[in-house]
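Participant: Please find one structure pasted underneath; my questions will follow.
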Amino acid sequence: MSRPRILVTNDDGIRAAGLAALAEALAASGAEVTVVAPDREQSAASHAMTIRSPLRIAQVGAGWYAVEGTPTDCVNLGVFHLLGEPPALVVSGINAGYNLGEDVTYSGTVAGALEGRILGIPSIAVSSTADATDRTLRSAARVAARLAERVIERGLPADSLLNVNVPPDARGLRLTHQGRRDFRQGLIERRDPKGREYYWIGLAPSEWEPDPGADHAAVGEGIVSVTPLHSDMTCHRAIPVLAEWALEDVMADEDPR
Ligand code: MN
Numbered sequence: 017m018s019r020p021r022i023l024v025t026n027d028d029g030i031r032a033a034g035l036a037a038l039a040e041a042l043a044a045s046g047a048e049v050t051v052v053a054p055d056r057e058q059s060a061a062s063h064a065m066t067i068r069s070p071l072r073i074a075q076v077g078a079g080w081y082a083v084e085g086t087p088t089d090c091v092n093l094g095v096f097h098l099l100g101e102p103p104a105l106v107v108s109g110i111n112a113g114y115n116l117g118e119d120v121t122y123s124g125t126v127a128g129a130l131e132g133r134i135l136g137i138p139s140i141a142v143s144s145t146a147d148a149t150d151r152t153l154r155s156a157a158r159v160a161a162r163l164a165e166r167v168i169e170r171g172l173p174a175d176s177l178l179n180v181n182v183p184p185d186a187r188g189l190r191l192t193h194q195g196r197r198d199f200r201q202g203l204i205e206r207r208d209p210k211g212r213e214y215y216w217i218g219l220a221p222s223e224w225e226p227d228p229g230a231d232h233a234a235v236g237e238g239i240v241s242v243t244p245l246h247s248d249m250t251c252h253r254a255i256p257v258l259a260e261w262a263l264e265d266v267m268a269d270e271d272p273r
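Positions in the sequence shown are counted from 1; adding 16 to them yields this note's numbering.
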């Protein structure tokens with residue numbers, strides 16, 4: 017069997033330790049790895065795509081490319097230009113910081129995998145703790161490589177991608193769902209030396225809604241969480257509820273001319 021080709025990206029940038037650990041473990045498992053990553057940190061870039069400026073690629077090593085863009089840009093350049101043909105898998109990470117609960121909607125790491133999925137390629141996002149040691153990163157990378165083998169072998173259900181979070185000294189793996197935070201603490205307000213107010217968002221302490229099957233619960237117990245995410249954002253549960261509203265009526269008085 018020929019070596020599977022894997023496209024690796026991240027949002028922490030081409031110099032991130034988690035990216036190197038991931039690429040190394042995937043290559044060690046026998047894959048042909050191409051790294052296409054942002055030339056600088058793009059954390060919280062979410063699924064942004066660069067459409068108002070040109071994208072440039074710099075080769076920085078054998079099979080390593082730095083892009084002046086987002087993780088989404090990187091996956092597109094990798095799939096449509098650098099690799100020549102679609103890879104067997106896209107793996108994004110290893111992010112310095114977990115992507116749990118609603119984090120997935122802000123995450124550039126998850127967006128890299130989401131873009132792979134949208135382009136029709138099975139994809140995995142991998143994150144670990146923000147202060148991961150080399151040992152933790154190597155361990156998370158081995159977990160990612162074993163999951164990668166499994167995904168290449170079996171494929172993933174349509175429209176799904178995997179969001180994987182690996183805690184230090186992980187002692188097991190659990191299939192989880194996305195958790196929820198209580199964001200009521202809002203934002204952090206400070207004053208600068210001139211007395212003017214300024215704000216930090218997204219950094220206020222928050223609490224998880226208790227939920228034993230959630231991603232944060234597994235990671236909190238030192239267990240790897242694997243959450244399948246959906247690239248189709250339709251809320252199927254809402255369709256029967258909204259169907260009762262007779263929404264067609266909003267068009268009743270609209271003149272199509
Ligand atoms: Mn990041």
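Glycine included, each C-beta is placed from N, C-alpha and C at the ideal position.
(1) Mapping DSSP to helix, strand and coil, what is Asp-198?
(2) Check for me: the alpha helix (DSSP H) holding Ser-155 runs from which residue to which?
(3) Could you pull the DSSP bridge partners for Glu-213 from this structure?
(4) Tell me whether Asn-111 counts as near the ligand MN, meaning its Cβ is closer than 7 Å to at least one heavy atom of that ligand.
(5) Hey, quick one: how far does the alpha helix (DSSP H) through Leu-93 stretch, first residue to last?
(6) Pull up the distance between the alpha-carbon of Val-240 and that of Glu-131, whole angstroms please.
(7) Which residues in the same chain have their Cβ closer than 8 Å to the Cβ of Val-76, if we skip the five residues on either side of it in sequence?
(8) Compare the beta carbon distance of Glu-126 and Leu-23 with 8 Å and say whether it is the shorter of the two.
(9) Just to confirm before moving on: does the CB-CB distance between Gly-117 and Gln-58 stay below 8 Å?
(10) Secondary structure at Tyr-114, three-state DSSP: helix, strand or coil?
(11) Which same chain residues, not among the five before or five after Glu-40, have their C-beta less than 7 Å away from its C-beta?
(12) Kindly identify the DSSP beta-bridge partner or partners of Gln-58.
(13) Cβ atoms of Thr-88 and Ala-53: under 8 Å apart, would you say?
(14) Do you know offhand how far Leu-299's Cα is from Ala-220's?
(15) For Ile-362, which residues of its own chain have a beta-carbon under 6 Å away from its beta-carbon, when the five flanking residues on both sides are left out?
(16) Does the Cβ of Ser-59 lie closer than 7 Å to at least one heavy atom of the ligand MN?
(17) So the alpha helix (DSSP H) Gly-236 belongs to, where does it begin and stop?
(18) Between the Cα of Asp-248 and those of Arg-197, Gly-136, Glu-260, spot the shortest distance and give me the residue it belongs to.
(19) Quick one: what's Glu-48 bridged to in DSSP?
(20) Could you give the DSSP three-state label for Leu-191: helix, strand or coil?
(21) According to DSSP, simplified to helix, strand and coil, what is Ala-82?
Facilitator: According to the structure shown:
(1) Reduced to three states, the DSSP call for Asp-198 is strand.
(2) In the DSSP assignment, Ser-155 falls within the alpha helix (DSSP H) that extends over 150-170.
(3) Answer is Arg-207, bridged to Glu-213.
(4) Yes, the Cβ of Asn-111 comes within 7 Å of a heavy atom of the ligand MN.
(5) In the DSSP assignment, Leu-93 falls within the unbroken alpha helix (DSSP H) covering 87-93.
(6) When rounded, the distance between both Cα atoms is 23 Å.
(7) For Val-76, where only same-chain residues beyond five positions count, the Cβ hits under 8 Å are Ile-30, Ala-82.
(8) Note on identity: in this sequence residue 126 is Val, with Glu being the wrong assignment. Result no, Cβ atoms of Val-126 and Leu-23 do not sit closer than 8 Å.
(9) Result no, Cβ atoms of Gly-117 and Gln-58 do not sit closer than 8 Å.
(10) Tyr-114: coil per DSSP, three-state reduction.
(11) Ala-157, listed in sequence order.
(12) Answer is none; Gln-58 lacks a bridge partner.
(13) No.
(14) There is no way to answer for residue 299, as the model of the chain reaches only from 17 to 273.
(15) Residue coverage of the chain in this structure runs from 17 to 273, which leaves residue 362 outside it and unanswerable.
(16) At a threshold of 7 Å, Ser-59 counts as near the ligand MN, since its beta carbon sits closer than that to one of the ligand's heavy atoms.
(17) Segment 231-236, the alpha helix (DSSP H) holding Gly-236.
(18) Measuring from the Cα of Asp-248, the nearest candidate turns out to be Gly-136.
(19) DSSP lists Arg-21 as the beta-bridge partner residues of Glu-48.
(20) Correct three-state label for Leu-191: strand.
(21) Here Ala-82 sits in strand by DSSP.
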